[in-house]
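Colleague:
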Amino acid sequence: MKQKHMDIDSADSSLTNQLLPTDIELWNAISAGQSEALGVLYERYASLVYRLALRILANPQEAEDLTQEIFLTLWRSNNYNPARGSTSSFLMTMTRSRAIDRLRARGTKLKFLQRWSQMMMTQTSPPTPFEMASLSQRSQHVNSALAQLPSSQRQVLEMAYYDGLSQSEIARQLNIPLGTIKTWSRQGLLNLRKNLKDFIE
Amino acid sequence: MTERELPERVEELIAGYVLGDLSSFEAEELTRLFAEHPELAQEVNRLHEVLELMPYALPEVPLPQHLRKVILEAVDVSIIPQPRPKRSLKMWRNLAGSIAALLVLILGLDNYNLRQHLSTVQAQVDRQKDVIAMLQNSDTHLVSLKGMNVAKNAAGSVVMTPGEPQSVLILQNLPVLPKGQFYQLWSVVNGEKIPSGQFNASSRGTVLIKLSTPPATEVQGLVVTVEVSPAPHSPSGPMVMTSNL
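As you go down the protein sequences, you meet chains A and B in turn.
The first sequence begins at 1 in our numbering and counts up by one.
The second sequence begins at 1001 in our numbering and counts up by one.
1. Grab the span of the alpha helix (DSSP H) containing A:Met92 for me, first residue to last.
2. Less than 8 Å between CB atoms is the rule here; does B:Ala1015 satisfy it with respect to chain A?
3. Please name the residue in B:Gln1065, B:Glu1052, B:Ser1196 and B:Ala1041 whose C-alpha comes closest to that of B:Trp1186.
4. In the stretch 37-55 of chain A, which residues sit with their C-beta less than 7 Å from some C-beta in chain B, listed in chain order?
5. Here's the rule: buried if 16 or more other CB atoms are within 10 angstroms of the residue's CB, otherwise exposed. What is B:Glu1192?
6. Per the contact definition of three or more C-beta pairs closer than 8 Å, is the stretch 1057-1074 of chain B in contact with the stretch 177-190 of chain A?
7. What's the call for B:Glu1008, buried or exposed, on a 16-neighbour Cβ count within 10 Å?
8. Could you check what DSSP says for A:Leu20 in three-state terms: helix, strand or coil?
9. Between A:Arg55, A:Arg96, A:Ser134 and A:Ser151, which lies nearest to A:Glu43 when the distance is taken from Cα to Cα?
10. Between B:Tyr1183 and chain A, is any beta-carbon pair separated by less than 8 Å?
11. Would you identify the three-state DSSP class for B:Asp1110, choosing helix, strand or coil?
12. Would you say B:His1048 faces chain A, with C-beta separation under 8 Å as the test?
13. Report yes if the C-beta distance between A:Thr95 and A:Ile70 is below 8 Å; otherwise report no.
14. Show which residues of chain A have a CB atom less than 7 Å away from the CB atom of B:Ile1071.
15. Within the 8 Å Cβ cut-off, does A:Ser185 reach chain B?
16. Starting from B:Ala1057, find everything on chain A with Cβ-Cβ shorter than 7 Å and list it in chain order.
17. What residues of chain A sit near B:Pro1064, judged by a beta carbon separation below 7 Å?
18. Under a three-way DSSP split, which group does A:Ile176 fall into?
19. Could you round the C-beta distance between A:Glu62 and A:Arg104 to whole angstroms and report it? I think they count as a contact, below 8 Å.
20. Residues of chain B with CB closer than 9 Å to the CB of A:Leu174, please, in chain order.
21. Considering B:Val1224, what are the terminal residues of the beta strand (DSSP E) in which it resides?
22. Quick check on B:Pro1085: buried or exposed, where buried means 16 or more other Cβ atoms within 10 Å of its Cβ?
23. B:Asn1200 CB to nearest chain A CB: under 8 Å?
24. With distance defined between alpha-carbon atoms, name the residue in B:Gly1237, B:Glu1028, B:Glu1227 and B:Val1223 nearest to B:Gly1180.
25. Note down, in chain order, every chain A residue with its Cβ under 7 Å from the Cβ of B:Glu1012.
26. Look at the alpha carbon of B:Val1219 and the alpha carbon of B:Pro1175, and state the distance between them as a whole number of angstroms.
27. Taking just the CA atoms, how far does A:Gly188 sit from A:Leu26?
28. Assuming B:Leu1171 and A:Leu52 are in contact, meaning their beta carbons sit under 8 Å apart, how far apart are those beta carbons, in whole angstroms?
29. Of all the CB atoms in chain A, is at least one closer than 8 Å to the CB of B:Val1143?
30. Specify the secondary structure class of B:Ala1155 as computed by DSSP and reduced to three states.
31. With 16 as the cutoff for other CB atoms within 10 Å, does A:Leu113 come out buried or exposed?
32. May I have the straight-line CA-CA distance separating A:Val156 from B:Ile1209, to the nearest angstrom?
33. Return the chain-ordered ranges of every beta strand (DSSP E) run that is complete within the stretch 1021-1062 of chain B and spans a minimum of 3 residues.
34. Run the CB neighbour count on B:His1066, radius 10 Å, all protein chains shown included, and call it buried at 16 or more, exposed below.
35. Express the C-alpha separation of B:Ser1024 and B:Ile1040 in angstroms, rounding to a whole number.
36. Based on Cα-Cα distance, which residue from B:Arg1046, B:Gly1205, B:Asn1200 and B:Val1188 lies nearest to B:Ala1155?
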């Protein structure tokens, strides 16, 4: 398994990537009922979906169930729209919102982060270095971009993102004024973009 | 307004929007900004993409070995795969198909002329290339035009691409006008009709021409009138075609 990742990450990755079907091609194949395409999409994103599900649900069995649910949903009702963003962002939004749903169903009193993605169409653009990169290259970039954030900004971003906490809930938990929390999280997000700029644009 | 020039305040509001933490006062302010600068929608989307990158930083955990198999087996037994083409894609194919058919028709009908006039051939090929290039652009959209009054059998499309100063007009079954009269295309922008070029139908009632139009994103509708003036500022002749935008 490790060896496989090494191969994908080798200097030939750009060449390898050119030969692999693009996400869009996979979505089209899934729409056409080709289950192998779902297999390829699984290879590409399941690990990320599972990681996120596990982080939010903190329970391997539930994370596994949710990962299965996500991929079966993609198969049954492929509702991905490339004009609305990348496959990765679509899957993360879907996984996070369903995982937090499950948390709530457990009786945890958590507020939803609002309105994440539904709105706003955008135009599709040429592939960015991010889209061409392998999973572990992506992880490396995002990790280092997050590590450059002041720890306060990183902490509130993570609390909002993974725990589905509202800004006022975070303010209460950390005993810090709401205004400060908002500034930290907004600046955190903007800084994150700044740190990732060369990679995603 | 590009990303680099975005004032800090606007950036901060958009970040708040993406994070879902705007106060009602801020939400109002941002709603107003969205109305004034629709291009900010892209900014929202970009920032949302950034936020959804966060899980990449999570520590790697091995996937349960059997999961892939379980999912793919569930898929294979659940349904005999049925093609479920996306509606938009299907519609696009249909539209592109009819445009292609129309092109074949026009080019086919004009074949006689093409053989006789090499320059016309070149012009036709160039225009055809233009249309194909535009059709390949993912941002391109087609606006269909329907005939009315004296041109009630006329039909066709305008191929528009955001960022392209010119649009391609493809029409058929348009009556040939008497000498001294022209077809005039108007683009409706903010309720006003902006003159967007004149043209005539070929002897077979077809049109394939590239005309300068206002930015595709601003055009709310398209109208064709019959005019006698070579450069009218506002429509004075009868309307013969209109878009159903």
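For each residue, glycine too, the CB sits at the ideal point set by N, CA and C.
Modeller: The relevant details are as follows:
1. Thr87 to Ala105
2. yes
3. B:Ser1196
4. Leu38, Gly39, Tyr42, Ala46, Ser47, Leu48, Tyr50, Arg51, Leu52, Leu54 and Arg55
5. exposed
6. no
7. exposed
8. coil
9. A:Ser134
10. no
11. Note that B:Asp1110 scores 48 on pLDDT, short of 50, meaning its location in the model is unreliable and no value can be drawn from it.
12. yes
13. yes
14. Tyr42, Gln68, Phe71 and Leu72
15. yes
16. Ser139, Val142, Asn143 and Leu146
17. Glu64
18. coil
19. A:Glu62 to A:Arg104, Cβ: 13 Å. No contact.
20. Those within 9 Å of A:Leu174 in chain B number zero; the least Cβ separation is about 15 Å.
21. Gly1221 to Glu1227
22. Caution applies to B:Pro1085, whose pLDDT of 45 falls short of 50 and renders its modelled position unreliable; the value that the coordinates give is listed next. Flag for B:Pro1085 reads exposed.
23. no
24. B:Glu1227
25. Arg186
26. 26 Å
27. 33 Å
28. So it is not a contact: roughly 52 Å between Cβ atoms.
29. no
30. strand
31. Any reading at A:Leu113 needs caution, since the residue's pLDDT is 29, under 50, leaving its predicted position unreliable; the model's value is listed next. It counts as buried.
32. 57 Å
33. none
34. exposed
35. Position check: residue 1040 of chain B holds Leu in this sequence, whereas Ile was assumed. Their backbone Cα atoms lie some 19 Å apart in a straight line.
36. B:Gly1205
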